[in-house]
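Numbering (this note's numbering), first residue to last: 282 to 505.
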Amino acid sequence: MLLLLTAAVTHLAAKDDDPDARFVKVTLKDGKTVEGWLPKKTDVFNCQWSFKLCNAPDTKKGTEYKAEQVKSLLFPRQTTEHPKGWLWENVTVYWYLNIYTRSFKTFESLLPLEYRGDKASAYTIRFWSPPVPQAHAAGVWVAHSVLYIPGAPHAFLIYNHGVSKSEPEKYIRKQFADYDPALGEYLYEWYHADSKISKKQISDDESTLVRVYEQYLKEKKQPR
């Protein structure tokens with residue numbers, strides 16, 4: 282999985298000098314829309330936190346935008362993976378601020394939409410994980426699946442595609458504690474019933490987390 286993720290990052294980096302691949306349309310929270318190009322050699326994953334929007338494809342000068350200012354960002358170029366363009370949306374996530382002190386916080390991010398369901402949506406968030414003793418010798422991109430439920434105070438990070446030492450399923454119960462503890466327990470039990478199968482299902486089908494959530498709602502309505 283790490284090799285595939287590295288290949289994906291390399292593939293994106295190779296497209297940095299293609300103006301069409303770097304052209305984006307941005308909708309701000311105030312309703313204003315702007316468009317332009319990301320600078321050359323910009324790692325697209327950095328758009329999660331902030332990005333620079335340039336008015337020409339061959340300049341590095343532009344306007345800086347933070348995720349907190351943006352409602353959505355669209356790469357309109359149509360590809361096999363994204364036939365309608367690649368859509369990123371503002372999502373508030375809840376995750377640890379410090380892996381050692383286990384302190385948590387919520388923060389806004391621009392995340393690529395993976396699947397939109399009737400009851401929830403799935404996104405992906407990526408963190409750069411620095412070298413960790415006994416885990417990996419060099420820093421790596423670590424991808425997490427994100428479950429977004431409309432009306433919830435924040436989205437929920439469910440699964441780590443990369444380094445097992447920091448798997449966020451350990452924090453599933455904590456994330457749901459102030460929203461729906463029963464749902465947190467349901468997802469925790471589903472994941473740990475057979476983590477290998479769960480990981481494969483999530484990796485193979487981007488709608489998996491949404492479907493598990495919908496199954497939870499269905500079972501919750503059924504009389505005991």
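The beta carbon of each residue, even a glycine, is placed where N, CA and C say it ideally should be. From a predicted model like this one, the values you see are computed outputs, not experimental measurements.
Residue i to residue j span [Cα, whole Å]
i: residue 368; j: residue 375; result: 21 Å
i: residue 488; j: residue 409; result: 24 Å
i: residue 318; j: residue 407; result: 22 Å
i: residue 464; j: residue 497; result: 7 Å
i: residue 370; j: residue 354; result: 6 Å
i: residue 462; j: residue 482; result: 23 Å
i: residue 434; j: residue 311; result: 21 Å
i: residue 479; j: residue 337; result: 44 Å
i: residue 468; j: residue 388; result: 22 Å
Simplified DSSP assignment, three categories, for residue i
i: residue 397; result: strand
i: residue 488; result: coil
i: residue 327; result: helix
i: residue 346; result: strand
i: residue 406; result: strand
i: residue 458; result: coil
i: residue 362; result: coil
Exposed unless 16 or more other CB atoms sit within 10 angstroms - verdict on residue i
i: residue 456; result: buried
i: residue 473; result: exposed
Bridge partners - residue i, DSSP secondary structure assignment
i: residue 422; result: 409
i: residue 317; result: 305
i: residue 494; result: According to DSSP, which records beta bridges pairwise, residue 494 is partnered with nothing at all.
i: residue 479; result: For residue 479, which the question treats as bridged, DSSP gives no partner whatsoever.
Same chain, Cβ closer than 6 Å to residue i, five either side skipped, listed in chain order
i: residue 343; result: 333, 334 and 335
i: residue 485; result: none
i: residue 303; result: 318 and 319
Neighbourhood of residue i by C-beta, 7 Å cutoff - its chain only, sequence neighbours within 5 removed
i: residue 392; result: 329, 369, 370, 372, 404, 405, 406 and 427
i: residue 345; result: 331 and 333
Spatial neighbours of residue i in its chain, beta-carbon cut-off 8 Å, leaving aside the 5 residues before and after
i: residue 301; result: 358
i: residue 458; result: 465
Residue-level contact to chain C via CB, residue i, 9 Å cutoff
i: residue 429; result: This model lacks chain C altogether, as it is built from one protein chain only.
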